[in-house]
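Protein sequences, first through last, are from chains L and R.
According to my numbering, the first sequence is numbered sequentially starting from 4.
According to my numbering, the second sequence is numbered sequentially starting from 14.
Even glycine gets a Cβ: it sits at the ideal position worked out from N, Cα and C.
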Amino acid sequence: MTVGPVTPSTETPSADEPAAVEGRSLGRIAWARLRRDRVALDGGITVLLLILVAALAPLINRVFGHPVNEYHQDRIDPNLGGIPPVGTWGGISSEFLLGVQPVTGRDLFSQILYGAQTSLLIAFAATVLAVVIGIVVGVSAGFFGGWLDSLFSRFMDLILAFPLILFAIALISVLPPTRAFRTAVMIVVIGGFSWPYIGRIVRGQTLSLREREFVESARSIGAGNVRIIVKELLPNLAAPILVYATLIIPTNILFEAALSFLGVGVPPPTPSWGRLLSDAVQYYEYDPTYMVVPGMAIFVTVLAFNLFGDGLRDALDPKANR
Amino acid sequence: MSTHTSPDRTTARPGTDELLRVTGLEKHFPITRGAFIRRTVGAVRAVDGVDLTVATGETLGLVGESGCGKSTTGRLISRLLRPTGGSIVFDGRDITDLSVRRMRPLRREIQMIFQDPYSSLNPRHTVGTIVGAPLRVQDIPTPHGVKRAVQELLELVGLSPEHYNRYPHEFSGGQRQRIGIARALALRPKLIVADEPVSALDVSIQAQVVNLLDDLQRELGLTYVFIAHDLSVVKHICDRVAVMYLGKVVEVAPRDALYATPLHPYTLALLSAVPVPDPDRRDRAQRERILLTGDVPSPVDPPSGCRFRTRCWKARERCERETPALRELAGGHLVACHFPVEDAERTPRGRIAAHLAAADVAPATTTPA
Numbered sequence: 004m005t006v007g008p009v010t011p012s013t014e015t016p017s018a019d020e021p022a023a024v025e026g027r028s029l030g031r032i033a034w035a036r037l038r039r040d041r042v043a044l045d046g047g048i049t050v051l052l053l054i055l056v057a058a059l060a061p062l063i064n065r066v067f068g069h070p071v072n073e074y075h076q077d078r079i080d081p082n083l084g085g086i087p088p089v090g091t092w093g094g095i096s097s098e099f100l101l102g103v104q105p106v107t108g109r110d111l112f113s114q115i116l117y118g119a120q121t122s123l124l125i126a127f128a129a130t131v132l133a134v135v136i137g138i139v140v141g142v143s144a145g146f147f148g149g150w151l152d153s154l155f156s157r158f159m160d161l162i163l164a165f166p167l168i169l170f171a172i173a174l175i176s177v178l179p180p181t182r183a184f185r186t187a188v189m190i191v192v193i194g195g196f197s198w199p200y201i202g203r204i205v206r207g208q209t210l211s212l213r214e215r216e217f218v219e220s221a222r223s224i225g226a227g228n229v230r231i232i233v234k235e236l237l238p239n240l241a242a243p244i245l246v247y248a249t250l251i252i253p254t255n256i257l258f259e260a261a262l263s264f265l266g267v268g269v270p271p272p273t274p275s276w277g278r279l280l281s282d283a284v285q286y287y288e289y290d291p292t293y294m295v296v297p298g299m300a301i302f303v304t305v306l307a308f309n310l311f312g313d314g315l316r317d318a319l320d321p322k323a324n325r
Numbered sequence: 014m015s016t017h018t019s020p021d022r023t024t025a026r027p028g029t030d031e032l033l034r035v036t037g038l039e040k041h042f043p044i045t046r047g048a049f050i051r052r053t054v055g056a057v058r059a060v061d062g063v064d065l066t067v068a069t070g071e072t073l074g075l076v077g078e079s080g081c082g083k084s085t086t087g088r089l090i091s092r093l094l095r096p097t098g099g100s101i102v103f104d105g106r107d108i109t110d111l112s113v114r115r116m117r118p119l120r121r122e123i124q125m126i127f128q129d130p131y132s133s134l135n136p137r138h139t140v141g142t143i144v145g146a147p148l149r150v151q152d153i154p155t156p157h158g159v160k161r162a163v164q165e166l167l168e169l170v171g172l173s174p175e176h177y178n179r180y181p182h183e184f185s186g187g188q189r190q191r192i193g194i195a196r197a198l199a200l201r202p203k204l205i206v207a208d209e210p211v212s213a214l215d216v217s218i219q220a221q222v223v224n225l226l227d228d229l230q231r232e233l234g235l236t237y238v239f240i241a242h243d244l245s246v247v248k249h250i251c252d253r254v255a256v257m258y259l260g261k262v263v264e265v266a267p268r269d270a271l272y273a274t275p276l277h278p279y280t281l282a283l284l285s286a287v288p289v290p291d292p293d294r295r296d297r298a299q300r301e302r303i304l305l306t307g308d309v310p311s312p313v314d315p316p317s318g319c320r321f322r323t324r325c326w327k328a329r330e331r332c333e334r335e336t337p338a339l340r341e342l343a344g345g346h347l348v349a350c351h352f353p354v355e356d357a358e359r360t361p362r363g364r365i366a367a368h369l370a371a372a373d374v375a376p377a378t379t380t381p382a
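Structure, rendered in structure tokens:
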């Protein structure tokens, strides 16, 4: 069968470039849009720096800090009851970049550094867990519908209505307080309660995508449900999932800090921003800097993630919020 | 729009090999209430007893207004939906109740072209992935690789093979529809169900795509079921036309017979509504236009007897009692009506009379649910 081009399309593609070029994928268009968004870009760079700092904490600490649990009693002013550090601003000096802890004299810089590790590890792992559960539940509810959808949707409502903090305190405080175990439990609790946010978005998107003609077209060529979900739906769900994952990371950081603040976070002596903050409450009259430093760390991290997430959403879905 | 019409088309019914036979086809969508325990409280009778035959190599047009069930019929024929009644025999095999798995090899022979070129192509895939998907899913051997096969298909539909790596959003509506056609052709199907393939396109592009479909049919020996609501497009491409109203076929005829001598009052009204592009004749056409009163009744609770009776100016008591069967009145010309249109009604005088009579029909007593 020799068939040449018949009734060639008279419209030329919007191309002014020469032939055989790569098409511009939606991802690349979004990236181009994101690159023009200064605020989001700054947020993204801060996020990257934070991840880098957490990952390279031991290395950075060796250059700029002191061992985490090394006591520097000489930095504590003995004339003031042995509580506040020597000097102004919590004892900030060229040797102790963020000052020292009251009473013990531990280096606050290294505490913040390792605290970033704890915070980011728990927040990221919990988010990954939330995304995985959210995708599985959301896609099945949206794609298969019917009683499965009713069941999963009510279950998500139930979890969102749960008194989460009380449950977390009750659960964690009765479990053995070893470091690895506590970390795992926190990841499971935080992830296990934040997945409905992803699940709802994914369900809604799946519901609308399912009705698109390209799904019918995939069916008409004989594709099964698995192929339709993996090849047709998931690529279209990637953008909202990425955006909402970026936006629940800061929430999870705050939640981890809150649990640590309430004394049910990772056990001491593992550094944690939340516990530094709760520790600082005792000394804020003598050493307010001690409270400001971990507070700023949490604030900057959460702000950076939020700005980046918002920018990402605008870049991936220019129709929303404009 | 009629740029070229091959003369052999006018005689209609090329060949007599029957490729598709649809008998008493039904699709009732249940209406359910309740969250966990769903009970059925009614049914939308979207397709309610459709009989059709399609011969190899011909184009059957399926026309009717929005919501009459023509798209559902198309999706039933291509088995995207499972019929709730009746039978579909394709190429001698009964495919009515085939499971998804058993239907899979048959997908090669029945393909669809979709209405909306914007939603029928996955925005995340390149043209190469989209057109190559049927080959991959069905494990079609490609001697020179999938890429070559896809590029040949792109050429076949008048696109450049260089478009292989591009994304759908980089194309215009007409080009996207060509991509959809290339995908449908990838499996070399025998039957293509085209669901309003040009109604979402600019009029100038419509002609190109219709002509492309026409050329492909001749070159590849395709059979089309062409769903449309634009009667001039149907007149251009179809050999035979079936008119649907509220889930039923009311008239089937060779194209020329249908346009020259419509037998069902609904067809007469439908044809009189075709816009006349000539300003000199427009006023006259308007006076002869049969404007139906009221809306299409609800398919949840269709009228008894003849479904068109609530809007028909010829309806009598018998139409309420008896459902008219599809019967052959002339060669290949079938109509489901107790009182078919007579020659006198097709004269200008008769049409004006029908125009006045149709306007006087009292609005339907059956209220839509």
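Check: Does the beta-carbon distance from residue 121 of chain L to residue 274 of chain L come in below 8 Å?; Outcome: yes
Check: Let me make sure I understand the geometry here. Which of R/313, R/330 and R/355 has the alpha-carbon closest to that of residue 43 of chain R?; Outcome: R/313
Check: Starting from residue 187 of chain L, trace the beta strand (DSSP E) both ways and give me its first and last residue.; Outcome: It is not in any beta strand (DSSP E) - residue 187 of chain L instead sits in the alpha helix (DSSP H) that spans 182-213.
Check: Could you pull out every residue in the same chain whose Cβ sits closer than 6 Å to the Cβ of residue 102 of chain R, ignoring the five residues on either side in sequence?; Outcome: 34
Check: Where do the N-terminal and C-terminal ends of the beta strand (DSSP E) with residue 261 of chain R fall, by residue?; Outcome: 261-267
Check: Ordered along the chain, which non-local residues of its own chain (more than five positions away) have a Cβ less than 8 Å from that of residue 359 of chain R?; Outcome: 274, 275 and 281
Check: Which residues share a DSSP beta bridge with residue 227 of chain L?; Outcome: BP columns for residue 227 of chain L are empty, so no partner.
Check: Of all Cβ atoms in chain R, is any one closer than 8 Å to the Cβ of residue 226 of chain L?; Outcome: yes
Check: Taking the straight line between their C-alpha atoms, what separation do you get for residue 182 of chain L and residue 191 of chain L?; Outcome: 14 Å
Check: Using the beta-carbon of each residue, which ones in chain R are nearer than 8 Å to residue 238 of chain L?; Outcome: 135, 137 and 138
Check: From the DSSP output, in three-state form, read off residue 31 of chain R for me.; Outcome: strand
Check: Helix, strand or coil for residue 288 of chain L per DSSP?; Outcome: coil
Check: What does the alpha-carbon distance come out to for the pair residue 270 of chain L and residue 185 of chain L?; Outcome: 7 Å
Check: Show which residues of chain R have a CB atom less than 7 Å away from the CB atom of residue 215 of chain L.; Outcome: 132
Check: Beta-carbon of residue 29 of chain L versus every beta-carbon of chain R: anything under 8 Å?; Outcome: yes
Check: Only counting runs of 4 or more residues, tell me where the alpha helix (DSSP H) segments fall wholly within the region 107-146 of chain R, in order along the chain.; Outcome: 113-116
Check: I'd like to check one pair, residue 251 of chain L with residue 176 of chain L: are the Cβ atoms closer than 8 Å?; Outcome: no
Check: DSSP state of residue 170 of chain R, grouped into three classes?; Outcome: coil
Check: Nearest CA to the CA of residue 123 of chain L: which residue from L/260, L/291, L/33 and L/147?; Outcome: L/260
Check: Can you say whether residue 353 of chain L is buried or exposed, counting buried as having 16 or more other CB atoms within 10 angstroms of its CB?; Outcome: As displayed, chain L neither begins before 4 nor continues past 325, which places residue 353 of chain L out of reach and without an answer.
Check: What is the C-beta distance between residue 290 of chain R and residue 319 of chain R, in whole angstroms, given that I count them as a contact (C-beta under 8 Å)?; Outcome: Contact doesn't hold; Cβ gap of about 33 Å is too wide.
Check: For residue 107 of chain L, collect the residues of the same chain with a Cβ closer than 7 Å to its Cβ; drop the 5 residues on either side in sequence, then sort them by chain order.; Outcome: 74
Check: Between R/143, R/367, R/258 and R/202, which has its C-alpha nearest residue 84 of chain R's C-alpha?; Outcome: R/258
Check: Please list the partners that residue 151 of chain R has in chain L, where partner means a Cβ-to-Cβ separation under 9 Å.; Outcome: 224 and 225
Check: Are the region 119-133 of chain R and the region 209-217 of chain R touching, with three or more C-beta to C-beta distances below 8 Å?; Outcome: yes
Check: Which residues, in order along the region 111-123 of chain R, keep a beta-carbon less than 9 Å from a beta-carbon of chain L?; Outcome: 113, 114, 116, 117, 118, 119, 120, 121 and 123
Check: So is residue 209 of chain R in contact with chain L if we call contact Cβ pairs under 8 Å?; Outcome: no
Check: So who's on the other strand from residue 98 of chain R, going by DSSP bridges?; Outcome: R/39
Check: Locate the alpha helix (DSSP H) running through residue 37 of chain L, then write down its first and last residues.; Outcome: 29-38
Check: Give the interface partners of residue 91 of chain R over in chain L, defined as CB-CB distance under 8 Å, in chain order.; Outcome: 223
Check: May I ask you to report which of helix, strand or coil DSSP gives residue 380 of chain R?; Outcome: For residue 380 of chain R, the predicted model reports a pLDDT of 46, less than 50, meaning its position is unreliable and no value from the coordinates is stated.
Check: Just reading off the alpha helix (DSSP H) that residue 258 of chain L is part of, what are its end residues?; Outcome: 237-264
Check: Could you tell me the alpha carbon to alpha carbon distance between residue 165 of chain L and residue 82 of chain R, rounded to whole angstroms?; Outcome: 47 Å
Check: Would you report the Cα separation of residue 52 of chain L and residue 223 of chain L, rounded to the nearest angstrom?; Outcome: 48 Å
Check: Could you list which residues in chain C have their beta carbon closer than 7 Å to that of residue 321 of chain R, in chain order?; Outcome: This model lacks chain C altogether; the protein chains it does include are L and R.
Check: Is the distance from the Cβ of residue 191 of chain R to the Cβ of residue 163 of chain R below 8 Å?; Outcome: no
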